[in-house]
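Here's the structure we're looking at; comments come further down.
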Amino acid sequence: MVQTITKQDFLDKVFNFEKSQEWDFAGELPAIIDFYADWCGPCKALAPLLDELSKEYDGKINIYKVDTEAEQELAGAFGIRSIPSLLFCPKGEKPQMAQGALPKQQFEELIKDILKVEK
-2 MVQTITKQDF LDKVFNFEKS QEWDFAGELP AIIDFYADWC GPCKALAPLL
48 DELSKEYDGK INIYKVDTEA EQELAGAFGI RSIPSLLFCP KGEKPQMAQG
98 ALPKQQFEEL IKDILKVEK
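In our numbering, the protein residues as written are -2 to 116.
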């Protein structure tokens, strides 16, 4: 299930950027973080796909959403300039950012290549 998270959730579940400058992923499972806004058309179009992916990869990855309007400090910390922006967070490696409403096939390739997760 896709979960909307706050800055505090992000600090606890993904990365505490207030304590460390060096990336240290806190999650149990690899994650995708969708930086979005309610008024963003491409973000709305992406939401059903993220729900679908969360079911298909259930127990293998976590998918989180960050409302850039409500969590401006968090969006600023990651230099979010356009939305949707997607942060792919593998375990034990640096995260990678992708932008735009990607098609499902590209998501599946990124999940396999960056997160090292198969369906």
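Ideal Cβ placement from N, Cα and C applies to all residues, glycine included.
As the structure is a computational prediction, the values presented were derived from the model and not from experiment.
Between the CA atoms of residue j and residue i - distance to the nearest angstrom
i, j, result
"ALA44", "GLY97", "12 Å"
Sheet register partners of residue i (DSSP bridge)
i, result
"LYS52", "DSSP lists no partner for LYS52."
Candidates the options, of which the one nearest residue i by Cα
i, options, result
"GLY56", "GLN93, LYS10, LEU26", "LEU26"
"PHE32", "SER17, VAL(-1), ASP9, GLN102", "VAL(-1)"
"ILE2", "ALA28, PRO39, GLU106", "ALA28"
"ASP48", "TRP36, GLY38, LYS62", "LYS62"
"GLY24", "ASP9, ALA34, ILE77, GLU15", "ASP9"
"ASP6", "GLY89, LEU46, ASP64", "ASP64"
Host beta strand (DSSP E) of residue i (start-end)
i, result
"LYS62", "59 to 64"
"ILE30", "28 to 33"
Cutoff 8 Å: residue i Cβ touching any chain B Cβ
i, result
"ILE29", "Among the chains of the structure shown, chain B does not appear; only one protein chain is present."
CB-CB length for residue i against residue j, believed under 8 Å
i, j, result
"LEU71", "LYS4", "5 Å"
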